[in-house]
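In this note's numbering, the protein residues as written are 254 to 755.
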Ligand code: ADP
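This is the structure:
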């Protein structure tokens, strides 16, 4: 890596990093109650990018009170749905204006290639807010014909109101820091809720920047509050008795804790958790397309996607050929800092994540799995949190690398003999987030899509997202759907009104 290929952050990003970053509570920039801050690291070299407030339970409490006031007595609920939509659209315009700033912050903070942040993370964010800006004016109840058999002759008019839930706590992960915040904020606000957002401790920067734009767009004070901090800060939000709903994206392990924490006031919960998604390639597939597609399925975002195609299952007839092609692709991936123009894959988000992924690679190796590509830390990049794109050959179902979510660029490949075996193996983990099927046969595509227990099935593609396409899990991958009209179910409640007409 030569210095010359590294892009300098632009002056706005430098100014942001050098500013005194604060929490956003009740429309004000404030320090944490304790006054404590913590370091935010650049995972490409572990240097300190900046510091952010270490919010604690007192800050969560302040933020929840602000959100409650905004919900019950502030101007927010008095806005027309059209005005609400306009605010969200304005926010999208502001993000578009600052696209480069967001892309650079995301790349520096998370490690992802700048080109990807520019082309995917930020444009998807803008589009997502516009989708929910449009949806704000289309949320509605229904009229119902009711019979009431025990009141013969009586006449009723029954209608439903679809109302916001109230104060929503949102806890997000570090793999797509801006986009994950967006998936949660867009729908919550379109539906009229007030929010306390807790970004991941590894990647708090884009959420704090987004907070500035909420203020600039003119959202009333307290409608969106942002509290940076660690797991205990998230826990304080999940267990707070004045939070009506908590939405979480992260590990299945923390998902369990969120459910337990929600028990106090029986708050509503939605969970988007881990995955171990299979890419299933049949012998009749376009092998070139499939090889490229399954490589992207696992290596996109360095495998740090909950829907990463981390298990590759290939029909035995084409197994060797396809797996070899994927291994070749893995070997050619150029590792480097996200801010370098020639980087295909950046570092993982943190040393902790690098160590976690390395542990899984070592477990694969010690269980006898052969690494056709990668298999450890790349040479010469020790300062950063890099892992070589790794392809394990002929793994068996019982291996840890086949059953557990690794959240890194590690693929576990195995052959199958027929469609039934493909479906059975595809379903043979505790997760059920996503899958992809690669075939030219429409019948196979339908059969496998139907047979898989997964929230999303892609055919001849993988990692395709759109604001209008629902996303969420079966089994231990969670419950509730994000994006699309379906997400409204998690952010609204139905009130039934029955009027007797005399
Ligand atoms: P990872 O292990 O990959 O960092 P986590 O599931 O631990 O993923 O973290 C996802 C988000 O959940 C982060 O914002 C983190 O701070 C938060 N978090 C961690 N532990 C808890 C907890 N016990 N309660 C609520 N939130 C938590």
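Yeah, the Cβ is synthetic: ideal placement off N, Cα and C, and Gly gets one too.
Q. Tell me the DSSP bridge mates of residue 282?
A. Note: residue 282 sits in a beta bridge opposite 277.
Q. How close, in whole Å, do the beta carbons of residue 724 and residue 704 come, if the pair is a contact with beta carbons under 8 Å?
A. About 20 Å separates the two Cβ atoms, so there is no contact after all.
Q. Based on the DSSP secondary-structure assignment, which residues constitute the bridge partners of residue 755?
A. Note: residue 755 sits in no beta bridge, so no partner.
Q: Can you check the segment 459–506 for any beta strand (DSSP E) of at least 3 residues that lies completely inside it and give the ranges in chain order?
A: 477–479 and 498–502
Q: Check each residue's C-beta against every heavy atom of the ligand ADP and list, in chain order, those closer than 5 Å.
A: Summarising the contact set, residues whose Cβ lies nearer than 5 Å to any heavy atom of the ligand ADP are, in chain order, 424, 426, 453, 484, 487, 488, 491, 503, 504, 507 and 510.
(Q) Can you find the residues in the same chain that come closer than 6 Å, C-beta to C-beta, to residue 402, ignoring five residues on each side of it along the sequence? (A) none
Q) For residue 385, which three-state DSSP category applies? A) Of the three classes helix, strand and coil, the one that applies to residue 385 here is helix, per DSSP.
Q) Can we say the segment 550–564 touches the segment 467–476, given the rule of at least three CB pairs closer than 8 Å? A) no
Q. So, residue 337 versus residue 443, is the Cβ gap smaller than 8 Å?
A. yes
Q | Per DSSP, the bridge partner or partners of residue 424 | A | 451 and 501
Q: Determine the direct distance from the alpha carbon of residue 308 to that of residue 254, and round the result to whole angstroms.
A: Low per-residue confidence applies at residue 254: pLDDT is 47, beneath 50, and the placement is therefore not dependable, though the value from the model is reported in the following sentence. Each residue's alpha carbon lies about 37 Å from the other.
Q.
Just to confirm my understanding: we take residue 310, look at its own chain, exclude 5 residues before and 5 after, and list those with CB closer than 8 Å. What are they?
A. 485, 486 and 489
Q) Any idea what DSSP makes of residue 533, helix, strand or coil? A) strand
**Q.** Distance, residue 593 Cα to residue 341 Cα
**A.** Between residue 341 and residue 593, the C-alpha separation is close to 33 Å.
(Q) Here's the rule I'm using: 16 or more other beta-carbon atoms within 10 Å means buried, otherwise exposed. How should residue 583 be labelled? (A) buried
Q. Nearest-angstrom Cα distance between residue 316 and residue 600?
A. Between the alpha carbons of residue 316 and residue 600 lies a distance of about 33 Å.
(Q) If distances are taken between C-alpha atoms only, which option among 300, 461 and 619 comes closest to residue 274? (A) 461
(Q) Which residue marks the beginning of the alpha helix (DSSP H) containing residue 412, and which one marks its end? (A) Note, residue 412: premise wrong, no alpha helix (DSSP H); beta strand (DSSP E) at 408–417.
Q.
So, with DSSP's three-state summary, where would you put residue 552?
A. helix
Q. How big is the Cα-Cα spacing for residue 332 and residue 389?
A. 11 Å
**Q.** Simplified DSSP assignment, three categories, for residue 375
**A.** helix
Q.
Going by beta-carbon coordinates alone, are residue 664 and residue 559 separated by less than 8 Å?
A. no
(Q) Tell me the residue span of the alpha helix (DSSP H) that contains residue 616. (A) 604–619
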